[in-house]
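A.B. asks: In the working numbering, the protein residues as written are 5 to 510. Structure provided below as structure tokens; questions to follow.
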Amino acid sequence: MEIDSASISRCSKEHQKIYQEWFSFADSDGDGRLTGADATNFFAMSNVSRQDLKQVWAIADSKRQGFLGFKEFITSMQLVSLAQAGHAITGDILNTEVDFENLQPPAMEGLDVLLAKRKHIPKSEPEQNGNPQVQSSPSASWFTSSKSAKKVSLASVTSIIDGLKRLYVQKLKPLEVTYQFNDFVSPLLANSDFDAKPMVMLLGQYSTGKTTFIKHLLKTSYPGAHIGPEPTTDRFVVVMNGPDERSVPGNTIAVQADMPFSGLTTFGTAFLSKFECSQMPHPLLEHITFVDTPGVLSGEKQRTQRSYDFTGVTSWFAAKCDLILLLFDPHKLDISDEFRRVIASLRGHDDKIRVVLNKADQVDTQQLMRVYGALMWSLGKVLNTPEVMRVYIGSFNDKPINDAAAGPIGKELFEKEQDNLLTDLKDIPKKACDRRINEFVKRARAAKIHAYIISHLRREMPAMMGKAKTQQRLIDNLADEFAKVLFLSLYTEASVLLYIMFCTIM
Numbered sequence: 005m006e007i008d009s010a011s012i013s014r015c016s017k018e019h020q021k022i023y024q025e026w027f028s029f030a031d032s033d034g035d036g037r038l039t040g041a042d043a044t045n046f047f048a049m050s051n052v053s054r055q056d057l058k059q060v061w062a063i064a065d066s067k068r069q070g071f072l073g074f075k076e077f078i079t080s081m082q083l084v085s086l087a088q089a090g091h092a093i094t095g096d097i098l099n100t101e102v103d104f105e106n107l108q109p110p111a112m113e114g115l116d117v118l119l120a121k122r123k124h125i126p127k128s129e130p131e132q133n134g135n136p137q138v139q140s141s142p143s144a145s146w147f148t149s150s151k152s153a154k155k156v157s158l159a160s161v162t163s164i165i166d167g168l169k170r171l172y173v174q175k176l177k178p179l180e181v182t183y184q185f186n187d188f189v190s191p192l193l194a195n196s197d198f199d200a201k202p203m204v205m206l207l208g209q210y211s212t213g214k215t216t217f218i219k220h221l222l223k224t225s226y227p228g229a230h231i232g233p234e235p236t237t238d239r240f241v242v243v244m245n246g247p248d249e250r251s252v253p254g255n256t257i258a259v260q261a262d263m264p265f266s267g268l269t270t271f272g273t274a275f276l277s278k279f280e281c282s283q284m285p286h287p288l289l290e291h292i293t294f295v296d297t298p299g300v301l302s303g304e305k306q307r308t309q310r311s312y313d314f315t316g317v318t319s320w321f322a323a324k325c326d327l328i329l330l331l332f333d334p335h336k337l338d339i340s341d342e343f344r345r346v347i348a349s350l351r352g353h354d355d356k357i358r359v360v361l362n363k364a365d366q367v368d369t370q371q372l373m374r375v376y377g378a379l380m381w382s383l384g385k386v387l388n389t390p391e392v393m394r395v396y397i398g399s400f401n402d403k404p405i406n407d408a409a410a411g412p413i414g415k416e417l418f419e420k421e422q423d424n425l426l427t428d429l430k431d432i433p434k435k436a437c438d439r440r441i442n443e444f445v446k447r448a449r450a451a452k453i454h455a456y457i458i459s460h461l462r463r464e465m466p467a468m469m470g471k472a473k474t475q476q477r478l479i480d481n482l483a484d485e486f487a488k489v490l491f492l493s494l495y496t497e498a499s500v501l502l503y504i505m506f507c508t509i510m
């Protein structure tokens, strides 16, 4: 799915050993990441133009992590070889018919002399099929203390994610702890929340093809998957990469420090008994984690019999996910009250939502037009947004398309729609870093607003007598109090700007 997955397989064992030696030399701090001055000095030995080197870095660091691991380093070296041979470095050069396996390493001026002069060669990490063994993130220790801001050296920041961790630990976390942001809005972030893989959540009524959709992408079934016309998936299932095939209970996965699911403990044991993690080794799951959800029920009685807050859990996952797929069946276009509440809980995450009209080959072209119109009409009453939601039409399963119903035009349409959806999924790992920054900024703004509100309400409370009466008055007039907070915040920011301008003039 990603270029770094193919870089090792398209490189001979002999060249891998050469690149491993080069990577160990270039990575002076031995953290398995090539960054900053180390990368600049090493790539300068190739005598490739600065513009081409920028393009090489952009293609190799496709996930925008801000550093090159060993796999990305191999890709960059192959691109440098092509640049030295006179090839134009473009975004699609890796998809061209180039014999990467027999592509010779680039000529690096003076590198052989530097390697020969090294007296003490540090031992490289144990290799697994040519890959350095994955190290635990050095930034994990930054989150051990929650009482006060922890000083983090700027030199220890070797990626964009590390930079976000440093900002959170030193700037944002002390603010959240002081004003108890975790009790009102969202739990404190842990190291695993930053390092988690991008997640894709599937929502829909029962038997709309959510589990089959995941199986279709993986080309195999995952542990614990049940497929049938009846409501088969009765729990939230996180499908992620793991060393072997197994299912981990929710109570276990929620307390694992390296998993980003500790916040789910707030929904109680009743939910955790309906939550599990399905792990299996798979190349796609190395980049994306899928969240399979129970089918949304149509009856009010069935909804009230749930032992946990289904809408609250959905909202929690929506905040964590990078993409949310709403699946519909041509024969189940009605949006129940519970499904309406679920969609309403996704408000604020409109940029993540995609609609999938699944099993579209079960109706002919004329019926499909009517189904599409009815679906858009139903969504228009629920979403309450002027923007048009992106809708993918297709049949996402392992069975061949029903040509008798779809016809030649429908078959071509379904194939194009499926390609577009797969392209969206492939872009998720590349945009994961941008998404992390976006979510971090949203959280910082929410924490700032929360701090303004709490500090204002605290100032309004009396020191000794009449606390209950004042508290009730503030609750009854919250709208007016919020207006005061807005005015004070704008006044404070304006005062700061005027002070800065005054200091600049003076």
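We treat Cβ as the ideally placed atom computed from N, Cα and C, and that holds for glycine.
Taking only three categories from DSSP, how would you classify VAL98?
C.D. replies: Per the sequence shown, the amino acid found at residue 98 is Leu instead of Val. In this structure, LEU98 counts as helix in the three-state DSSP scheme.
A.B. asks: Flag this pair as yes or no: are the beta carbons of PHE512 and ASP365 separated by less than 8 Å?
C.D. replies: Absent from the structure is residue 512, since the part of the chain shown begins at 5 and ends at 510.
A.B. asks: Find out if the Cβ-Cβ distance for the pair PHE29, SER163 is shorter than 8 Å.
C.D. replies: Not closer than 8 Å, so no.
A.B. asks: How would you call PRO514, buried or exposed, if buried means at least 16 neighbouring beta carbons within 10 angstroms?
C.D. replies: Summary: the structure shown does not reach residue 514, with the chain confined to residues 5 through 510, and so no result is reported for it.
A.B. asks: Which residues in the same chain have their Cβ closer than 8 Å to the Cβ of SER337, if we skip the five residues on either side of it in sequence?
C.D. replies: Looking at the sequence shown, residue 337 is not Ser but Leu. Result list for LEU337: VAL375, ALA378, LEU379, SER382, in chain order.
A.B. asks: Could you check the C-alpha separation between TRP320 and LEU276 for me, to the nearest Å?
C.D. replies: Each residue's Cα considered, the two are about 14 Å apart.
A.B. asks: Less than 7 Å between C-beta atoms, sequence neighbours within five positions excluded: which residues of the same chain meet that for ALA448?
C.D. replies: Excluding positions up to five away in sequence, the list reads LEU176.
A.B. asks: At the level of alpha carbons, what is the spacing between ARG37 and GLY208?
C.D. replies: If you take the alpha carbons of ARG37 and GLY208, they lie about 41 Å apart.
A.B. asks: With PRO433 and PRO202 assumed to form a contact (beta carbons below 8 Å), what rounded beta-carbon distance in angstroms separates them?
C.D. replies: That pair is a contact at about 6 Å.
A.B. asks: According to the neighbour-count rule (16 or more other Cβ atoms, all chains shown, within 10 Å of its Cβ), is GLY114 buried or exposed?
C.D. replies: Exposed: under 16 other Cβ atoms inside 10 Å.
A.B. asks: For PHE294, I'd like the list of residues in its chain whose CB is within less than 6 Å of its CB, leaving aside the five on either flank, ordered along the chain.
C.D. replies: Closer than 6 Å at Cβ, skipping near neighbours: VAL204, ILE218, VAL243.
A.B. asks: Who pairs with ILE397 in a beta bridge, going by DSSP?
C.D. replies: According to DSSP, which records beta bridges pairwise, ILE397 is partnered with LEU361.
A.B. asks: Would you be able to state if there are at least three C-beta pairs under 8 Å between the region 276-288 and the region 244-261?
C.D. replies: Flag = yes, the region 244-261 and the region 276-288 touch.
A.B. asks: Just the C-alpha distance for GLU464 and LEU478, rounded to the nearest angstrom, thanks.
C.D. replies: Taking the straight line joining both Cα atoms gives about 8 Å.
A.B. asks: One question on the structure: do LYS363 and ASP296 come within less than 8 Å of each other, judged by their Cβ atoms?
C.D. replies: Going by C-beta atoms, LYS363 is not nearer than 8 Å to ASP296.
A.B. asks: For the beta strand (DSSP E) containing ILE257, list its first residue and its last residue.
C.D. replies: Note, ILE257: premise wrong, no beta strand (DSSP E); alpha helix (DSSP H) at 254-257.
A.B. asks: Give me whichever residues DSSP pairs with GLY470 in a beta bridge.
C.D. replies: Looking at the DSSP assignment, GLY470 forms no beta bridge with any residue, so it has no partner.
A.B. asks: Under the three-state reduction of DSSP, which class applies to PHE314: helix, strand or coil?
C.D. replies: Helix at PHE314.
A.B. asks: Nearest to PRO334 by CA position, among MET468, ASP428, LEU361, is which residue?
C.D. replies: The residue with the shortest Cα to Cα distance from PRO334 is LEU361.
A.B. asks: Excluding five sequence neighbours on each side, which residues of the same chain lie with their C-beta closer than 6 Å to the C-beta of GLN139?
C.D. replies: Interpretation of GLN139 is limited by its pLDDT of 47, a score under 50 that renders its predicted location unreliable; the figure taken from the coordinates is listed afterwards. Same-chain partners within the cutoff: GLY36.
A.B. asks: Work out the CA separation of PHE27 and ARG351 for me, nearest whole Å.
C.D. replies: Going from the Cα of ARG351 to the Cα of PHE27 covers about 45 Å.
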